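Chains as they are written, first to last, in the working numbering: chain A, 1 to 336; chain B, 1001 to 1336.
Glycine is no exception: its CB is placed at the ideal position from the N, C-alpha and C atoms.
All values reported here derive from a predicted model rather than from experimental measurement.
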DNA sequence: TTATAAAATGTTACCAATAACACAAAAATA
DNA sequence: TATTTTTGTGTTATTGGTAACATTTTATAA
């Protein structure tokens, strides 16, 4: 490995001078700069980040801690995050918590040890508070995306669950539905709570009496919708829903799969709508009506806020960025 | 930040003893080990990776350098890679080259500087040789996935383009197609070359005279299929293809979009098949007939080979892992 | 009981880069 | 020309951890 010492020797200057050339810091005569730069090129010198991190206490590495990169929502988040990080001269570490608190906790320790400068995180749930406290204790800045955590005041980039829910439900109501089921995510995740709250509020506003029997909480990523769907289908005609509002893309897809297995046609017998597009490549075979969140921007903005914190340019008060969803109406909710 | 010196002082031992406890190396009496471990917990000590990297010359960070995480193929690769890396105690850096040689080159420099222990890479093309040489010069082990590079002898995890192509084409031929167009990726990417070679070979074996007019090379990820599709469609009836073999998922989707714009129905007027599933969530609205490659395993195996190299446990000769595709026949190629 | 081996712990130097300070040479000012 | 300021460059110490060697303590054998 080529070090500044090798350069220094060959250029007949001190290592410090080389360091100054590399970092463009301090005063350097044009002559020495050129001489040193020439040798740097010649020997193919690349600075050693470990040594730099050790003295500077910054690694230029950020971490993206999400639940699962294979969820297209987070795929796009990751892409946005990586683009912004690259643009700002940072590298990005990828971690998948799978919505598991322990995995998240393991990663947090690993990340601290790795010396990341900051963490962009979609927390597994409210219990992530413990892991965030660990970050705080270690003075590692973080920004939350998609989900908030009770009792943690920090920079946020989140969607607008209320308006997304509202537009989806109003669309269903306009289509003539009044018995609308909610298959929600876990109650310990803020987005699920917000969507549920919005669900009841909007039904009330529309003069529709909500029925607790029609709502349920399941995982955002494990496939356990089947039982719930079966239950809904086996309700007596008078109570059986004609539409399902799935809290995310994954639930929606599994719901549709279950419905098909049960010979319930979508949308003819059952409309389905959800949050977040399951299709990473836009506009191919579009089927699901949904509230598309600007996932790329979640990542992009998140990294932007994070770097502001890392570099200490952020405002004193925490920033809350709320990105509105876009409602896309497609076949899964259209009465033929 | 808590260091081994803090622990040492509080435990009344030398820093070296603490280091030994942390790393479970050397001989330590049970008594001291317990004493030190207690204080480590108490002070919440987490080792500083920068310092460790500096002495040990290894960072426990690997890099995944792919073309685009939003391509579902690479999304799954990334997930497999991250899972294996985590399991082996490594962290994973994510980089998207967008099939651009310069971006790839920038990343390679960044990665070397970051001190990654190894790189798992889907090279942008044959010209990536230059970037790989940089890695070699810096003694950074790497493994290539999905694509080979002429003139670089290294560990590989690749698919089987020949058999995938063969099965797809035989399926089309069995469906009665004889005028089959190939919309291929760039000729400087090994997978494209292999698929083209297989295409001609298999047509020949089937006694079908191949027509150069029916083959073309476009980007694997930019949407520039439209002109090509238009040309194919405007061929005289006698020459116009009845099926299109798209070299990857992205091309296939854009091809179908173009066909729809041109009012050509798929599969009624035109069958379409391709490599790689564009759908990250399995079995939802499946439409495309394709050769599905075990993307997750590309990443998983790739990291496994890479870590073998990094840790010096690998065999002397380079390893070539070839993962066969699975043909999935769906609607896009079925004559109704 | 002493010599010797083994086990446990400590000391020193080093990894690559940089901050902080020191100092010489050149330029500006008196 | 002498003095001050500025500019350019060098020296030393530090960052957190560990390898290599040194030393002390304990256990074992003679």
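May I have the straight-line CA-CA distance separating residue 1302/B from residue 1011/B, to the nearest angstrom? 43 Å
Taking residue 1036/B and residue 1145/B to be in contact with their CB atoms under 8 Å, please state how far apart those CB atoms are, rounded to whole angstroms. Contact flag wrong, Cβ pair sits at about 42 Å.
Determine the contact status of residue 1281/B and residue 278/A, defining contact as a CB-CB distance below 8 Å. yes
How long is the line joining the alpha carbons of residue 240/A and residue 1085/B, rounded to whole angstroms? 47 Å
Per the contact definition of three or more C-beta pairs closer than 8 Å, is the segment 1287-1304 of chain B in contact with the segment 1259-1278 of chain B? yes
If you follow the alpha helix (DSSP H) that residue 1255/B is in, where does it begin and where does it stop? 1249-1261
Anyone know if the C-beta pair for residue 114/A and residue 1195/B falls short of 8 Å? no
Name, in chain order, the residues that DSSP records as bridge partners for residue 1217/B. 1184/B
Looking only at C-alpha atoms, which of 2/A, 298/A and 324/A sits nearest to residue 81/A? 298/A
Nonlocal neighbours in the same chain, by C-beta distance under 6 Å from residue 3/A, ignoring five residues either side: none
To the nearest angstrom, how far is it from the Cα of residue 119/A to the Cα of residue 142/A? 5 Å
Own chain residues within Cβ distance below 6 Å of residue 1018/B, not counting five before or after: 1004, 1007, 1008 and 1036
Can you confirm whether residue 53/A, when its beta carbon is compared against all beta carbons of chain B, has any partner nearer than 8 Å? yes
Neighbour list for residue 1043/B in chain A, Cβ cutoff strictly below 8 Å: Chain A residues near residue 1043/B: none, gap ~11 Å exceeds 8 Å.
Do you know how far the Cα of residue 332/A is from the Cα of residue 1163/B? 37 Å
Kindly indicate which residue of 123/A, 237/A, 221/A and 13/A has the alpha-carbon position closest to the one of residue 248/A. 221/A
With contact counted as at least three CB pairs below 8 Å, one residue from each stretch, are the segment 218-234 of chain A and the segment 172-185 of chain A in contact? yes
Determine the direct distance from the alpha carbon of residue 285/A to that of residue 1285/B, and round the result to whole angstroms. 8 Å
Hey, does residue 262/A have any beta-carbon neighbour from chain B nearer than 8 Å? no
Starting from the beta carbon of residue 1047/B, find every residue of chain A whose beta carbon is closer than 7 Å, and list them in chain order. 113
Touching by the beta-carbon criterion (3+ pairs, under 8 Å), the segment 49-61 of chain A and the segment 1044-1059 of chain B: yes
Under 8 Å between C-beta atoms, does residue 1070/B make it to chain A? yes
Hey, could you find the ends of the beta strand (DSSP E) residue 1337/B is sitting in? Because chain B in this structure spans residues 1001 to 1336, residue 1337/B falls outside the shown range and cannot be described.
Could you give the residue range of the beta strand (DSSP E) that holds residue 1095/B? 1091-1096
With a threshold of 16 other CB atoms inside 10 Å of the CB of residue 190/A, please say whether the residue is buried or exposed. buried
Any idea if residue 260/A is buried or exposed, counting beta-carbon neighbours within 10 angstroms, 16 or more meaning buried? exposed
Which residues, taken in chain order from the segment 1248-1260 of chain B, show a beta carbon closer than 8 Å to some beta carbon of chain A? 1249, 1250, 1253, 1256 and 1257
For residue 198/A, the three-state DSSP class (helix, strand or coil): helix
Would you tell me roughly how many angstroms separate the C-alpha atoms of residue 1025/B and residue 1107/B, rounded to the nearest one? 35 Å
C-beta contact flag for residue 155/A and residue 43/A at 8 Å: no
Classify residue 155/A as helix, strand or coil using the three-state DSSP reduction. strand
Closer than 9 Å by beta-carbon distance: list the chain A residues that pair up with residue 1082/B, in chain order. 69, 94, 95 and 96
What residues of chain A sit near residue 1161/B, judged by a beta carbon separation below 9 Å? None at all; the shortest Cβ gap to chain A is about 22 Å.
Residues in its own chain within less than 6 Å of residue 1309/B by CB, not counting five upstream and five downstream? 1141
Residue 1138/B: which of 311/A, 335/A, 317/A and 1/A sits nearest, CA to CA? 1/A
Which bits of chain B does residue 280/A rub up against, with CB to CB less than 9 Å? 1070, 1071, 1072, 1075, 1278, 1279 and 1280
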